[in-house]
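Asks: Below is a structure I'd like to ask you about.
In my numbering, the protein residues as written are 3 to 120.
This is the structure:
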């Protein structure tokens, strides 16, 4: 028996995001997002909340559509804390898609969960 070293080929360390399999996401959030989009929810929420936003005052708030979507996630998933909602938004690709966060965008910190103007 020969005493040699076995040579193994090293797998690549980088995988492009485009090479990853695409998940259909969560069907509930996908359908709800389509309904909200068709109803013009984001535009409506921005118009209704505009009076509560200061032009420049500290750190900017979340866009109203994203804020209310995060609250919906908390309601539907039984999350009773802003930290729990923030963790879920950072952890779930389906929730990130529903809320409108790309893979390269950080999920909002729990301290950003404040009502418009609050």
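Virtual Cβ for every residue (Gly too), placed ideally from N, Cα, C. Being a predicted model, the structure only gives us computed values, none of them experimental.
How about residue 66 and residue 84: are their beta carbons less than 8 angstroms apart?
Replies: As a working mapping, residue 66 is identified with position 64 in the chain shown. As a working mapping, residue 84 is identified with position 82 in the chain shown. Not a contact, by the Cβ cut-off of 8 angstroms.
Asks: Can you give me the C-alpha to C-alpha distance between residue 76 and residue 90, rounded to a whole angstrom?
Replies: In the chain shown, counting from the first residue as 1, residue 76 sits at position 74. In the chain shown, counting from the first residue as 1, residue 90 sits at position 88. Each residue's Cα considered, the two are about 9 angstroms apart.
Asks: Nearest CA to the CA of residue 100: which residue from 59, 30, 10 and 17?
Replies: For the purposes of this step, residue 100 is taken as residue 98 along the chain shown, with counting starting at 1. Measuring from the Cα of residue 100, the nearest candidate turns out to be 30.
Asks: Only counting the same chain, and skipping five residues up and downstream in sequence, which positions put a Cβ closer than 8 angstroms to that of residue 86?
Replies: Counting from one through the chain shown, the residue named residue 86 turns up at place 84. So the qualifying residues of the chain are 76.
Asks: If residue 68 and residue 102 are in contact, beta carbons under 8 angstroms, what's the gap, nearest whole angstrom?
Replies: Within the chain shown, the letter at position 66 stands for residue 68. Within the chain shown, the letter at position 100 stands for residue 102. Yes, residue 68 and residue 102 are in contact; Cβ-Cβ is about 6 angstroms, under 8 angstroms.
Asks: Using CA coordinates, which residue listed in 98, 112 and 54 is at the minimum distance from residue 106?
Replies: Position 104 of the chain shown, counted from the first residue, corresponds to residue 106. Cα-wise, what sits closest to residue 106 is 98.
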